[in-house]
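Read through the structure below, which is laid out as structure tokens, and then see the notes.
Take a look at the structure:
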């Protein structure tokens, strides 16, 4: 295997990249179409603030564990632990919710978190970073980009198009299933599994079994937080577990289950940047998913191509690094994949915009219309401040309802939305018309 060292656009010198050989599968999100086109149409290629303070008493603060050295005195650990808040009785009474959104708002602590993982794994010949839905999508992509690995999302049932391999695992009162694309990994590859937290270990255990069934060697599991009293390590089949912080809960129960604007030219009006062709060719189209007549634009194949994935992030960073953006707002769930690497690179905080009842504490919400109903988007109160400049990121813009809601949510609290950015646009669905006068920046354009 030939490795070519490449510098990435993170502001810190601690980020260097040595891309591994990219896994290229056969050639997204959805749009309605009675006669699906055979391929994506992409010929034109259109296209630091202070940390939020956590409302946590000292007695609730996370105890920092030893990390790389037994004395555990790396000052970054204390910064990370103090940036995480605990929300009692969420999502139900008796649950203490470890909230990592405050960590994402603290640009230094968020960068420290990624740096610590990268320092540990950069020389371990890892070719796969497997991220568990949904918060593993936040931490996994920056790590994968930094160490030159592909990112493989491990998702809940019926979220992945095409052929999948699945693994059922037990919960406290039933079972759940985890899925991964067939062909996403190859026998003999070395994988890191990443999630934000380990509680009882059921999710990570399922991820291990899923990868090992196809012959992948799981090098290690990694989490930001561990709840040791729930003994999650015991369900990892002897695989090493690396965590940055841990907390004690006494007798408490388990705490969590886990787009009318013209699209601007991208780098040049002629659209000939070779990276665009690489990105577009890495995205596949799945017909009739999740239901007949829908064309699904699948970005998981882009994530498996380490060079195309890095090109995607680089193009966004080149555009936004000098625009004085302090907030990157990512739309659940695939905005969680692209947003964090961009935020880290430009020195902005990352704000997750989530579906209802996913965020603990006080939230501000915005209802928006769907084809056959409505949905709601939520954001933490206090995550952003009036006068801040924000970028909204998602993987795809179709009808524009989601991005439109995100714009309204941010503007209600006095944030200036500089631009919306997506990897893919389906222009025939006229999503830009729902963005008001906000600019939209996309890398590739597909047929509806």
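Residue numbers (the working numbering): 895 to 1342. We treat Cβ as the ideally placed atom computed from N, Cα and C, and that holds for glycine.
- Restricting attention to 1008, 1305, 1209, the CA atom closest to the CA of residue 1040 is found in 1008.
- The stretch 1121-1135 and the stretch 1029-1040 do not touch, with fewer than 3 CB-CB distances between them shorter than 8 angstroms.
- In this structure, residue 1194 lies near residue 1078, with their beta-carbon atoms less than 8 angstroms apart.
- With a cut-off of 8 angstroms on Cβ pairs, the stretch 1281-1289 is not in contact with the stretch 1263-1272, counting fewer than three such pairs.
- A direct Cα-Cα distance of roughly 25 angstroms separates residue 1184 from residue 1044.
- Burial is judged here by how many other beta carbons sit within 10 angstroms of a residue's own beta carbon; residue 988 has fewer than 16 and is exposed.
- Only residues of its own chain outside the window of five on either side were considered, and among them 1283 have a CB closer than 7 angstroms to the CB of residue 1218, listed in chain order.
- Judged by their CB atoms, residue 1304 and residue 1312 are not nearer to each other than the 8 angstroms cut-off.
- Annotation for residue 1064: the continuous beta strand (DSSP E) segment containing it runs 1058-1065.
- Residue 1088 and residue 1123 have their alpha carbons spaced roughly 20 angstroms apart.
- DSSP, reduced to helix, strand and coil, places residue 1229 within a helical segment of the structure shown.
- With 16 or more other CB atoms across the displayed protein chains lying within 10 angstroms of its CB, residue 1098 is buried.
- For residue 986 and residue 1259, the gap between their C-alpha atoms comes out near 20 angstroms.
- Between residue 1208 and residue 1169, the alpha-carbon positions lie close to 10 angstroms from each other.
- Two segments are said to touch when three or more pairs of C-beta atoms, one from each, lie closer than 8 angstroms; by this definition the stretch 1170-1178 does not touch the stretch 1274-1281.
- By alpha-carbon distance to residue 1101, the top candidate from 1109, 1073, 970 is 1073.
- DSSP places residue 1199 outside any beta strand (DSSP E), giving it a letter other than H or E.
- In the three-state reduction of the DSSP assignment, residue 1076 falls in the coil class.
- In this structure, residue 1232 keeps its C-beta atom at 8 angstroms or more from the C-beta atom of residue 1246.
- Annotation: the continuous beta strand (DSSP E) that includes residue 1120 extends over 1111-1120.
- Taking a 10 Å sphere around the C-beta of residue 1060, we find fewer than 16 other C-beta atoms and assign the residue as exposed.
- Counting along the chain, residue 979 sits inside the beta strand (DSSP E) bounded by residues 979-982.
- Residue 1333 has its alpha-carbon roughly 15 angstroms from the corresponding atom of residue 1293.
- For residue 1224, the beta-bridge partners assigned by DSSP are 1246, 1287.
- Per DSSP, the continuous alpha helix (DSSP H) segment holding residue 1099 begins and ends at 1096-1107.
- By the C-beta criterion, the stretch 1049-1058 is judged not to be in contact with the stretch 1103-1113, since fewer than 3 inter-stretch pairs fall below 8 angstroms.
- Taking all protein chains shown into account, residue 1081 has fewer than 16 neighbouring C-beta atoms within 10 Å of its C-beta and is therefore exposed.
- Residue 1243 and residue 1199 have their C-alpha atoms some 26 angstroms from each other.
- When secondary structure is reduced to three states using DSSP, residue 1253 falls in the coil class, being assigned neither helix nor strand.
- Given a length threshold of 4 residues, each whole run of the alpha helix (DSSP H) inside the stretch 983-1028 is given here in chain order: 995-999, 1001-1015.
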